[in-house]
Amino acid sequence: MIAITDVTKTFGRADRRVTALDNVSLAVERGEIFGVAGQSGAGKSTLIRTVNLLERPDSGSIEVDGRVLTSLGAAELRSARRGIGMIFQHFNLLTSRTVQGNVELALEIVGVDVRERRRRAAEILDLVGLSSKACVYPGQLSGGQKQRVGIARALAAKPSVLLSDEATSALDPETTRSILALLKTINSELGLTVLLITHEMDVVKTICDSAALLEGGRVTETGNLVDLIRTPGSRLARDLFPLGEVHTPAGHTVVDITFSGGLADRPVIAQLARVHGLDVSILGAAVETIGGNQAGRTRLALPGARDDIDRALADLRGQGLLVEVVGGADA
Amino acid sequence: MIDPSAPGFWSDLFQVLLIGTGQTLYMVGVALLVTIIVGLPLGILLVGTEKGGLFSAPFGSRRAGVVINRILDFVVNLGRSVPFIILMIAVIPFTRLIVGTFIGSTAAIVPLSLVAIPFFARMVEIAIKEVEPGLSEAADSLGATSWQIVRKVLVPEALPSILLGLATTVTSIINFSAMVGTVAGGGLGDVAFRYGYQRYSTIHMVAVIIVIYLIVQALAALAAWGARRLQRQNS
Ligand SMILES: Nc1ncnc2c1ncn2[C@@H]1O[C@H](COP(=O)(O)OP(=O)(O)OP(=O)(O)O)[C@@H](O)[C@H]1O
Ligand SMILES: [Mg+2]
Chain E
210 MIAITDVTKT
220 FGRADRRVTA
230 LDNVSLAVER
240 GEIFGVAGQS
250 GAGKSTLIRT
260 VNLLERPDSG
270 SIEVDGRVLT
280 SLGAAELRSA
290 RRGIGMIFQH
300 FNLLTSRTVQ
310 GNVELALEIV
320 GVDVRERRRR
330 AAEILDLVGL
340 SSKACVYPGQ
350 LSGGQKQRVG
360 IARALAAKPS
370 VLLSDEATSA
380 LDPETTRSIL
390 ALLKTINSEL
400 GLTVLLITHE
410 MDVVKTICDS
420 AALLEGGRVT
430 ETGNLVDLIR
440 TPGSRLARDL
450 FPLGEVHTPA
460 GHTVVDITFS
470 GGLADRPVIA
480 QLARVHGLDV
490 SILGAAVETI
500 GGNQAGRTRL
510 ALPGARDDID
520 RALADLRGQG
530 LLVEVVGGAD
540 A
Chain A
3 MIDPSAPGFW
13 SDLFQVLLIG
23 TGQTLYMVGV
33 ALLVTIIVGL
43 PLGILLVGTE
53 KGGLFSAPFG
63 SRRAGVVINR
73 ILDFVVNLGR
83 SVPFIILMIA
93 VIPFTRLIVG
103 TFIGSTAAIV
113 PLSLVAIPFF
123 ARMVEIAIKE
133 VEPGLSEAAD
143 SLGATSWQIV
153 RKVLVPEALP
163 SILLGLATTV
173 TSIINFSAMV
183 GTVAGGGLGD
193 VAFRYGYQRY
203 STIHMVAVII
213 VIYLIVQALA
223 ALAAWGARRL
233 QRQNS
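Chains E and A supply the protein sequences, listed in that same order. Following our numbering, the numbering of the first sequence begins with 210 at its first residue and continues without gaps. Following our numbering, the numbering of the second sequence begins with 3 at its first residue and continues without gaps.
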């Protein structure tokens, strides 16, 4: 649905050049919610802004819904943009218009007539749960309500893709949850493909099917969340299960064991104790619902000789568990 | 010297003031209209042709944008720095060309507009620059044309500030209209000059000051009220 191919974007003149995006490629499938995570300054905003060409890449191509945006003329680009909704961290609502007026803006731009505009705005405001606020000005709304207006405006012209630039970063946790739930509803009911960027892993965990990690303008990891948590050494997976810093007790080896899919109910600890005679201590554990499935990661400290431990770990790996040695003698 | 106790003095004064006020309102009104019609687009173009603006590359050429921006900026600065009395005299040939004469209220509209346009254009420029760039961007993301962004986003969002700028502009037009009156004839300035100065009538002078004060205050209050009404939506 969205194909970003070899996109590079730099800012500034030759002497003070900042490479915001360095040869980035990403593929977002139709109907999925794709999250791009990364630290501040990683290039997340720049990336999402290149998708509807608010920022034109120096090189590379952008394809959305079968159209190569980077090769379109101005008028064609405008028409393509009408199929790509966008919501913003600071909502960007017009203060000169009511809630309904803001939603109708999207339809005026497309050239929908007055009666149809009224009808469509009412319909979409109902979808985002703001029918009662239609005649209110944005200044009188809470942050969550403003973002709902932003979402309504973005959806009014019936786009097939929704871009979200830190849409929940200015909101409190509870409001964030309600907005994410709304995005999920829109995604499943309208079949909208969603590309969102965030610096909060919670957002990725809550609604994304796939994710990418952006670091210093490069994509360092990308994939389906279910696959990512099975990938050894995945930074995204590590951030999804917040187990914190590794503290290795003397004479122990620390391992992270990830359970996912049908492996979530394995009696691993009992097995390590009984079969391999290891005195297991649990250092931490996290259970998350990722991609609709329960998945968990347990951090264990295992005492004893490395050879014995390696044998036990090989056994677990043989059963399909992801086992990573994260601390100890030669970790 | 006019004698206030002479018969008919007050009705004469009233008559003179009425005509003068009418002429002033006519000059100021038409000049204001011309100022809005020319100054608003000028202000929008001043912002638009800047780097990264909506019209930064007209006809696909950034060069053209830079040139237009420089020219407009120069013209506006020139208009703002020439003292009005000099401007008024300097444009006499131009006034003659348009109106046919340089005497009278209608002729006065030309220099009045010329002095107010650059002033108002700067006000518009400042007001539009204050509009959150995210708003234009949102419209852009919806596929808006530059013209739609101007019409549906920039002007409506900047309107409270533009209105306040307009109040300042109209005050200065009234101010200059009095100066025009002394030279070219017509309006309250002319009344003050002919009766108050040349014929030593303090009463005429005071009456003119009161009327002008009332007009300026009424317009300023009107603009402030309008701006407040528009801004109340924001908070
Ligand atoms: N218009 C611009 N001009 C110059 N440099 C820019 C511009 N936009 C972004 N950059 C630079 O590009 C880099 C990436 O910025 P970007 O805003 O995409 O980061 P981000 O991941 O969205 O960060 P944050 O989480 O803080 O929003 C930064 O170094 C930033 O300074
Ligand atoms: Mg950002």
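Just so it is clear, CB atoms sit at the ideal spot from N, CA and C, and this is done for glycine as well.
{"query": "Which residues DSSP lists as bridging residue 490(E), in chain order", "result": "510(E)"}
{"query": "Residue-level contact to chain E via CB, residue 158(A), 9 Å cutoff", "result": "yes"}
{"query": "Proximal residues to residue 30(A) (C-beta, below 6 Å), its chain only, five neighbours per side dropped", "result": "175, 176 and 179"}
{"query": "Reduced DSSP secondary structure (H/G/I, E/B, other) of residue 206(A)", "result": "helix"}
{"query": "Ligand 2 heavy atom lying under 8 Å from the CB of residue 253(E)", "result": "yes"}
{"query": "Residue environment, residue 118(A), which counts as buried when at least 16 other CB atoms sit within 10 Å", "result": "buried"}
{"query": "Cα-Cα separation between residue 161(A) and residue 215(E), rounded to whole angstroms", "result": "43 Å"}
{"query": "Ranges of the beta strand (DSSP E) found wholly within the segment 342–424 of chain E, counting only runs of at least 3", "result": "370–374, 402–407 and 419–424"}
{"query": "Per DSSP, cross-strand counterpart(s) of residue 166(A)", "result": "Answer by DSSP bridge pairing: none, since residue 166(A) is not bridged."}
{"query": "Three or more C-beta pairs below 8 Å linking the segment 228–244 of chain E and the segment 386–404 of chain E", "result": "yes"}
{"query": "Nearest-angstrom Cα separation, counted from residue 166(A) out to residue 360(E)", "result": "33 Å"}
{"query": "Heavy atom of ligand 2 within 8 Å of residue 375(E) beta-carbon", "result": "yes"}
{"query": "Contiguous alpha helix (DSSP H) assignments of at least 4 residues, all confined to the segment 431–491 of chain E", "result": "434–437, 444–449 and 477–485"}
{"query": "Residue nearest to residue 485(E) in terms of C-alpha spacing, selected from 519(E), 469(E) and 315(E)", "result": "519(E)"}
{"query": "Span of the beta strand (DSSP E), counted from its first residue to its last, around residue 319(E)", "result": "Careful: residue 319(E) lies outside any beta strand (DSSP E), inside the alpha helix (DSSP H) at 308–319."}
{"query": "Of the listed residues 366(E), 362(E), 372(E) and 414(E), nearest to residue 386(E) (C-alpha basis)", "result": "414(E)"}
{"query": "Residue 540(E) versus residue 533(E): straight-line alpha-carbon distance, rounded", "result": "Reliability fails at residue 540(E), whose pLDDT of 47 lies under 50, so the model's placement of it is uncertain and the value that follows must be treated cautiously. Approximately 9 Å, taken between the alpha carbons."}
{"query": "Under 8 Å by beta carbon: chain A residues contacting residue 220(E)", "result": "None at all; the shortest Cβ gap to chain A is about 12 Å."}
{"query": "Coarse secondary structure for residue 540(E), derived from DSSP in three states", "result": "Any reading at residue 540(E) is ruled out, since the residue's pLDDT is 47, under 50, leaving its predicted position unreliable."}
{"query": "The segment 244–262 of chain E / the segment 415–435 of chain E touching (three or more Cβ pairs under 8 Å)", "result": "yes"}
{"query": "Proximity of residue 523(E) and residue 469(E) at Cβ, strictly below 9 Å", "result": "no"}
{"query": "According to DSSP, residues forming a beta bridge with residue 295(E)", "result": "372(E)"}
{"query": "Any non-hydrogen atom of ligand 2 within 8 Å of residue 296(E) CB", "result": "no"}
{"query": "Sequence-distant residues of the same chain with beta carbon closer than 6 Å to residue 508(E), five excluded per side", "result": "452, 465, 492 and 493"}
{"query": "Paired residues, beta bridge with residue 270(E) - DSSP", "result": "214(E)"}
{"query": "Distance between residue 88(A) and residue 216(A) (C-alpha atoms, nearest Å)", "result": "28 Å"}
{"query": "Presumed contact (8 Å Cβ cut-off) between residue 362(E) and residue 314(E), rounded CB distance", "result": "6 Å"}
{"query": "Minimum Cβ-Cβ distance from residue 193(A) to chain E less than 9 Å", "result": "no"}
{"query": "Contact test: residue 220(E) Cβ vs ligand 1 heavy atom, cutoff 8 Å", "result": "yes"}
{"query": "Reference residue 498(E), options 489(E), 461(E) and 434(E), closest by Cα", "result": "434(E)"}
{"query": "Sub-9 Å separation of residue 22(A) and residue 142(A) beta-carbons", "result": "no"}
{"query": "Proximal residues to residue 379(E) (C-beta, below 7 Å), its chain only, five neighbours per side dropped", "result": "298, 299 and 352"}
{"query": "Residues from the segment 239–272 of chain E in contact with chain A, defined by Cβ distance under 8 Å", "result": "261 and 263"}
{"query": "Same chain, Cβ closer than 7 Å to residue 49(A), neighbours up to 5 away in sequence not counted", "result": "55, 127, 130 and 131"}
{"query": "Chain E contacts from the segment 124–152 of chain A (Cβ-Cβ distance under 8 Å)", "result": "134, 136, 137, 139, 140, 141, 142, 143, 144, 145, 146, 147 and 150"}
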